[in-house]
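Working notes, beginning with the structure itself.
Protein chains: 2
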Amino acid sequence: MLYSEMSKEELEKELEMQKYVYEEYKSLNLALDITRGKPSPEQLDLSMDMMNAEYFSKGKGVLDYRNYGMLDGIPEAKSFFSEVMNIPEANICVTGNSSLNIMHDIIMKFMLFGVLDKGTPWKDQGEVKFICPVPGYDRHFAITELLGIKMINVPLNEDGPDMDMVEELVKNDASIKGMWAIPKYSNPTGTVYSNKVLFRMANMQTAAEDFVIMCDDAYTVHYLTDEPFRQLNLIEACKDAGHPDRAIVLASTSKITFPGAGVAAYAAGDNLIKYLIKLMGYQTIGYDKLNQLRHVNYLKNYDNLLNHMKKHAEILLPKFQQCDRIFEKDLGSKGILKWTKPKGGYFISIDTLEGCATKVVQMAKECGVAVTPAGSSFPYHKDEKDTNIRIAPSLPPVEDLKVAMHVLCVCIKIVSIEKLLEKFA
Amino acid sequence: MLYSEMSKEELEKELEMQKYVYEEYKSLNLALDITRGKPSPEQLDLSMDMMNAEYFSKGKGVLDYRNYGMLDGIPEAKSFFSEVMNIPEANICVTGNSSLNIMHDIIMKFMLFGVLDKGTPWKDQGEVKFICPVPGYDRHFAITELLGIKMINVPLNEDGPDMDMVEELVKNDASIKGMWAIPKYSNPTGTVYSNKVLFRMANMQTAAEDFVIMCDDAYTVHYLTDEPFRQLNLIEACKDAGHPDRAIVLASTSKITFPGAGVAAYAAGDNLIKYLIKLMGYQTIGYDKLNQLRHVNYLKNYDNLLNHMKKHAEILLPKFQQCDRIFEKDLGSKGILKWTKPKGGYFISIDTLEGCATKVVQMAKECGVAVTPAGSSFPYHKDEKDTNIRIAPSLPPVEDLKVAMHVLCVCIKIVSIEKLLEKFA
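Each protein sequence line maps, in turn, to chains A and B.
Okay, so the first sequence: first residue is 54 according to the working numbering, each after it adds one.
Okay, so the second sequence: first residue is 54 according to the working numbering, each after it adds one.
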């Protein structure tokens with residue numbers, strides 16, 4: 054029965070029961086964590102073979118990969134990422150263990166040196182703004198906030214960012230210098246941008262000449278129930294649209310092999326990639342090429358990578374299904390929660406009744422279940438409606454996850470009922 | 054016989070002979086490279102055992118090192134670098150493969166966010182200057198040049214930077230925000246800063262409150278003929294002097310294990326290290342902890358590290374001795390070259406007669422011997438006297454090095470004689 058159709062008395066009775074259950078859970082002294090998109094130990098075990106010495110003993114390069122040099126990555130790694138990202142090798146740079154690091158550094162460079170050689174540094178252009186599809190990835194927003202870049206929320210629809218709004222904004226405001234984007238299985242909603250949306254992102258007119266799309270393709274092969282597919286290639290689409298240096302696309306093996314010891318890569322148009330690599334040349338003599346070689350020798354190619362990702366999916370999918378089943382069973386008929394059913398990626402995004410998310414997270418915490426703080430998926434941690442919570446089901450074992458989800462559902466019920474009872478007050 | 058005491062005719066005859074030898078070498082179509090301080094393949098072979106899987110299978114940390122987290126490094130690595138750098142663990146952060154990267158990033162952060170929480174960003178303070186002991190490391194100077202930081206040359210004396218000059222400069226000019234320093238076996242001279250110099254660096258009065266010493270301790274255990282020794286601890290000395298956040302000290306295993314796949318660490322005072330790690334938290338979730346663990350399990354501790362460095366010295370020393378012998382034999386009696394006799398590190402620094410270095414490098418290049426471009430060891434590549442050339446003997450096999458050095462000596466003779474003949478013109 055929908056809570057919204059219940060009488061005051063029915064709600065009060067339900068509240069009493071849920072509170073009883075909550076106290077029961079509290080007595081268990083739980084310590085469960087579903088805050089971050091960490092792979093589970095079982096997933097990490099999938100790649101342990103890579104650490105055998107044989108996986109870095111081969112290489113076709115002329116340089117000794119153990120030594121300095123090869124700033125933009127070893128040829129084998131460039132070739133691998135070229136196939137995975139569907140972007141020519143000449144437009145790719147393979148780096149260290151973190152695409153977040155690369156994104157941070159690139160925006161720092163745009164601040165201090167501008168976009169492309171003749172660009173004016175963003176620091177010298179007064180207020181600088183970024184478009185942020187919401188909900189989105191907290192670490193993206195943290196970088197733009199740190200740099201004092203004003204963030205403009207744009208709703209993330211079923212098929213990607215609201216492009217009517219984006220086009221209108223960027224056409225008229227030259228201080229909007231860029232936008233964040235996660236085109237496939239977006240964090241935290243699991244949204245897949247449609248090719249139409251990607252096409253509009255490549256083709257839209259921007260008042261700023263130095264407008265860039267920071268396209269974090271973190272989950273490009275992270276399928277759960279989906280069949281593998283390619284999206285419109287944003288680098289190519291931008292080139293075709295006459296905006297060859299608009300997009301920077303990033304990928305990494307953090308959730309393919311090891312989050313702590315993976316390899317990241319980024320791609321950009323002909324001029325922009327050269328410019329960024331030139332600036333990178335002041336920063337480092339080169340990244341860890343042995344780890345690049347280890348990765349390529351182990352992951353081999355795109356087809357083999359997809360097989361590898363299937364094994365991840367076999368571990369991850371039961372956890373996502375568990376969450377979905379529990380939401381359906383506990384809350385499906387109550388009308389107090391919307392949740393996503395992602396076909397890939399690492400997160401489930403839920404929306405409570407308005408004004409409930411913060412209290413739900415707080416109650417769960419007091420019951421020993423750590424959930425990402427409410428508002429985390431929004432710039433400045435401000436979720437105006439206070440509805441959104443990000444669920445990260447990947448790390449805990451299925452049994453722990455089950456308990457955590459039940460606790461969360463109880464919290465959602467209690468806070469929702471209290472909210473609904475306000476109208477009788 | 055000193056060239057300066059030769060008659061015009063004697064010089065002309067000597068020139069003719071040396072040109073004959075030069076043409077002979079030219080006919081060999083050499084392709085030798087002594088430009089950069091790269092370890093040789095034999096040195097890289099010393100650490101290959103580290104790549105066996107066993108070297109990352111152990112760890113006392115509570116977190117799974119394969120996963121995200123532990124921004125400031127694994128406890129084992131912090132403990133290791135604490136012993137090596139002689140600095141408390143709480144003041145140390147262990148990172149990825151490149152201390153250059155860390156130095157670049159720290160200065161970028163000072164530009165955009167200032168030194169320490171309440172500091173004014175350097176970008177908002179008008180002209181910013183840095184003291185550069187010369188000759189010095191070209192990649193340091195490249196970073197400050199890139200950021201538009203004006204570089205002030207200070208001579209590097211036998212015992213370190215000319216501290217009378219440094220003290221006078223920093224006392225009176227608040228726009229001088231920092232200085233570069235390589236305290237042990239400085240690149241390229243091999244200079245070891247005396248404890249007195251280090252003490253003065255820690256104690257001097259600076260007009261700028263946000264003055265920092267970027268202390269690149271790249272060669273801290275890179276002994277050749279020296280016995281291992283500790284210098285005055287700059288972090289501690291700065292603390293004692295009441296300037297607890299003045300110094301940042303960096304170390305790395307690039308020339309201990311693998312330049313491409315090593316581990317770097319940096320240390321700073323209590324407040325500054327916290328500030329820098331906080332800012333690093335926007336940049337990355339963590340560095341490659343498996344590589345950190347691999348390194349610590351392999352290198353074990355300071356004593357074992359010193360044994361390891363002895364093996365490096367056994368490979369490197371004959372190359373340094375070769376250079377010294379050839380300079381002595383070919384040029385010792387001519388009075389046209391000064392060269393350093395470093396007790397550690399990676400470089401020999403030579404000084405030709407004034408106005409000769411550029412031509413020497415050019416002639417060597419035309420004869421198939423690549424030497425670091427003249428002026429490289431000076432800010433803006435400007436060696437006013439045009440005398441300094443950096444020799445990097447580490448990479449080539451001894452036999453190749455021998456040929457390269459003889460060619461270089463012939464070039465030095467020819468250019469020097471032509472210079473001396475000018476006075477007869």
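Here a beta-carbon is modelled for each residue, glycine too, at the ideal position from N, C-alpha and C.
Predicted model only: the values in this text are computed from it and were never measured.
Worksheet item: What residues in its chain sit with their C-beta under 8 Å from that of K387 of chain B, if we drop five residues either side in the sequence?
Response: To locate residue 387 of chain B, count along the second sequence from 1; it is residue 334. Closer than 8 Å at Cβ, skipping near neighbours: M54, L55, Y56, K466 and S469.
- Item | Any C-beta of chain B under 8 Å from that of L165 of chain A | Along the first sequence, read from residue 1 onward, the residue named residue 165 of chain A stands at position 112. By this cut-off, L165 of chain A is an interface position.
Would you call the CB atoms of G122 of chain A and S447 of chain A closer than 8 Å? As a first step, residue 122 of chain A must be located in the first sequence, where it is residue number 69. As a first step, residue 447 of chain A must be located in the first sequence, where it is residue number 394. The answer is no: Cβ separation not under 8 Å.
- Query: Given A227 of chain B, which residues of its chain have a CB within under 6 Å of its CB, disregarding the five upstream and five downstream residues?
  - Reply: For the purposes of this step, residue 227 of chain B is taken as the residue at position 174 of the second sequence. Same-chain partners within the cutoff: A260 and A261.
key: Segments assigned beta strand (DSSP E), at least 3 residues, entirely inside the stretch 183-266 of chain A   = 203-210 and 229-234
From P281 of chain B to A304 of chain B, what distance separates their C-alpha atoms?
Numbered from 1 along the second sequence, position 228 holds the residue referred to as residue 281 of chain B. Numbered from 1 along the second sequence, position 251 holds the residue referred to as residue 304 of chain B. Rounded to whole angstroms, P281 of chain B to A304 of chain B spans 16 Å at the Cα level.
Distance CB(A318 of chain A)-CB(V207 of chain A) smaller than 8 Å
For the purposes of this step, residue 318 of chain A is identified with residue 265 of the first sequence, where counting begins at 1. For the purposes of this step, residue 207 of chain A is identified with residue 154 of the first sequence, where counting begins at 1. For A318 of chain A and V207 of chain A, no; Cβs fall outside 8 Å.
Shorter than 8 Å from the beta carbon of G149 of chain A to some beta carbon of chain B?
-> In the first sequence, the residue the question calls residue 149 of chain A occupies position 96. So yes, G149 of chain A belongs to the interface.
Check your understanding: What residue from B:T411, B:Y276 and B:E419 has the CA that sits closest to K364 of chain B's CA?
Key -> Within the second sequence, residue 364 of chain B is the residue found at index 311, counting from 1. The residue with the shortest Cα to Cα distance from K364 of chain B is B:Y276.
field: N- and C-terminal bounds of the beta strand (DSSP E) containing V422 of chain B
entry: Here residue 422 of chain B corresponds to residue number 369 of the second sequence, with the count starting at 1. V422 to V424 is the extent of the beta strand (DSSP E) around V422 of chain B.
Can you tell me where the alpha helix (DSSP H) with V456 of chain A in it begins and where it stops?
Here residue 456 of chain A refers to the residue found at position 403 when the first sequence is read from its first residue. Segment V451 to L474, the alpha helix (DSSP H) holding V456 of chain A.
Cβ pair T88 of chain A, A445 of chain A closer than 8 Å: As a working note, residue 88 of chain A is residue 35 in the first sequence. As a working note, residue 445 of chain A is residue 392 in the first sequence. Taking 8 Å as the Cβ cut-off, T88 of chain A and A445 of chain A qualify as a contacting pair.
A271 of chain B to L68 of chain B span [Cα, whole Å] = Stepping through the second sequence from its first residue, residue 271 of chain B is reached at position 218. Stepping through the second sequence from its first residue, residue 68 of chain B is reached at position 15. Cα-Cα distance, rounded: 41 Å.
Between P241 of chain B and F400 of chain B, is the Cβ-Cβ spacing less than 8 Å? Along the second sequence, one-based indexing puts residue 241 of chain B at 188. Along the second sequence, one-based indexing puts residue 400 of chain B at 347. Result yes, Cβ atoms of P241 of chain B and F400 of chain B sit closer than 8 Å.
query = Alpha carbon to alpha carbon, how far is K418 of chain A from Y78 of chain A?
reply = Counting from one through the first sequence, the residue named residue 418 of chain A turns up at place 365. Counting from one through the first sequence, the residue named residue 78 of chain A turns up at place 25. For K418 of chain A and Y78 of chain A, the distance between alpha carbons rounds to 12 Å.
Residue interval of the beta strand (DSSP E) (run including L85 of chain B)
Within the second sequence, residue 85 of chain B is the residue found at index 32, counting from 1. Residues L85 to I87.
Worksheet entry | Neighbourhood of A300 of chain B by C-beta distance below 6 Å, restricted to the same chain and skipping five residues each side | Here the question's residue 300 of chain B lines up with position 247 in the second sequence. Excluding positions up to five away in sequence, the list reads I266, C268, L287, I288 and C291.
Q.
Which residue wins for smallest C-alpha separation from P449 of chain A, given the options A:E76, A:P92, A:S80 and A:S100?
A. On the first sequence, residue 449 of chain A is found 396 positions in, with the first residue counted as 1. For P449 of chain A, the nearest C-alpha among the options comes from A:P92.
Which residues, in chain order, does the stretch 117-141 of chain B contribute to contact with chain A at a C-beta distance below 7 Å?
D117, Y118, R119, N120 and Y121
Check: With 8 Å set as the bound, which would you pick, yes or no: does the beta-carbon of R89 of chain A sit closer than that to a beta-carbon of chain B?
Finding: Here residue 89 of chain A corresponds to residue number 36 of the first sequence, with the count starting at 1. Closer than 8 Å to some Cβ of chain B, the Cβ of R89 of chain A qualifies, so yes.
| By Cβ distance, which residues of its chain are closer than 7 Å to Y328 of chain A, with the 5 residues on each side in sequence left out? | For the purposes of this step, residue 328 of chain A is identified with residue 275 of the first sequence, where counting begins at 1. Around Y328 of chain A: L169 and D170.
| query | At what residues does the alpha helix (DSSP H) containing A417 of chain A begin and finish? | reply | On the first sequence, residue 417 of chain A is found 364 positions in, with the first residue counted as 1. A410 to E419 is the span of the alpha helix (DSSP H), which, as asked, contains A417 of chain A.
Practice prompt. Measuring only between beta-carbons, confirm whether A314 of chain A sits less than 8 Å from chain B.
Written response: Position 261 of the first sequence, counted from the first residue, corresponds to residue 314 of chain A. Chain B, which has a Cβ nearer than 8 Å to the Cβ of A314 of chain A, makes this yes.
- Query: Is it true that the stretch 70-86 of chain B meets the stretch 420-430 of chain B, where meeting means three or more beta-carbon pairs spaced less than 8 Å apart?
  - Reply: yes
Quiz item: My guess is that Y246 of chain A and G398 of chain A are in contact by the Cβ rule of under 8 Å, so how many angstroms apart are they, rounded?
Solution: For the purposes of this step, residue 246 of chain A is taken as residue 193 along the first sequence, with counting starting at 1. For the purposes of this step, residue 398 of chain A is taken as residue 345 along the first sequence, with counting starting at 1. Going by Cβ atoms, the distance from Y246 of chain A to G398 of chain A rounds to 13 Å, so no, they are not a contact pair.
Work out the CA separation of Q96 of chain A and E407 of chain A for me, nearest whole Å. Residue numbering aside, residue 407 of chain A sits at position 354 when the first sequence is read from its first letter. Residue numbering aside, residue 96 of chain A sits at position 43 when the first sequence is read from its first letter. Their backbone Cα atoms lie some 36 Å apart in a straight line.
Taking a cut of 9 Å between CB atoms, which residues from the stretch 415-429 of chain A lie near chain B? none
Requested in this report: Helix, strand or coil for N120 of chain A, going by three-state DSSP, please let me know.
Outcome: As a position in the first sequence, residue 120 of chain A is number 67, starting the count at 1. Residue state, collapsed to three classes: coil.
- Roughly how many angstroms separate the alpha carbons of P174 of chain A and P371 of chain B, rounded to a whole number? Start at 1 with the first residue of the first sequence, and residue 174 of chain A comes out as number 121. Start at 1 with the first residue of the second sequence, and residue 371 of chain B comes out as number 318. Using only the alpha carbons, I get a separation of about 49 Å.
Compare the C-beta of Q336 of chain A against all C-beta atoms of chain B and say whether one is closer than 8 Å.
-> Here the question's residue 336 of chain A lines up with position 283 in the first sequence. With 8 Å as the cut-off, Q336 of chain A counts as an interface residue toward chain B.
Residue interval of the beta strand (DSSP E) (run including D404 of chain A) | Within the first sequence, residue 404 of chain A is the residue found at index 351, counting from 1. I401 to T405 is the extent of the beta strand (DSSP E) around D404 of chain A.
Exercise for review: Please list the partners that A195 of chain B has in chain A, where partner means a Cβ-to-Cβ separation under 9 Å.
Suggested key: What you label residue 195 of chain B is simply residue 142 of the second sequence in a count that begins at 1. By Cβ distance, chain A contributes G334 and Y335.
*Answer yes or no: do I462 of chain A and D439 of chain A have a C-beta to C-beta separation smaller than 8 Å?*
Start at 1 with the first residue of the first sequence, and residue 462 of chain A comes out as number 409. Start at 1 with the first residue of the first sequence, and residue 439 of chain A comes out as number 386. Sequence check: residue 462 of chain A is Cys here, not Ile. The answer is no: Cβ separation not under 8 Å.
query: At least one CB of chain B closer than 8 Å to the CB of K476 of chain A: is that the case?
result: By 1-based counting over the first sequence, the position of residue 476 of chain A is 423. Chain B contact via Cβ: absent.
Taking Cβ-Cβ distances shorter than 9 Å, what residues in chain B pair up with G339 of chain A?
Taking the first sequence and counting its residues from 1, the one referred to as residue 339 of chain A is at position 286. Going along chain B in sequence order, the residues near G339 of chain A (Cβ under 9 Å) are N150, S151, P312 and G313.
As a quick exercise: from B:P188, B:N225 and B:K230, pick the residue whose alpha carbon is nearest that of P214 of chain B. One-based indexing of the second sequence puts residue 214 of chain B at position 161. Minimum Cα distance to P214 of chain B is reached at B:P188.
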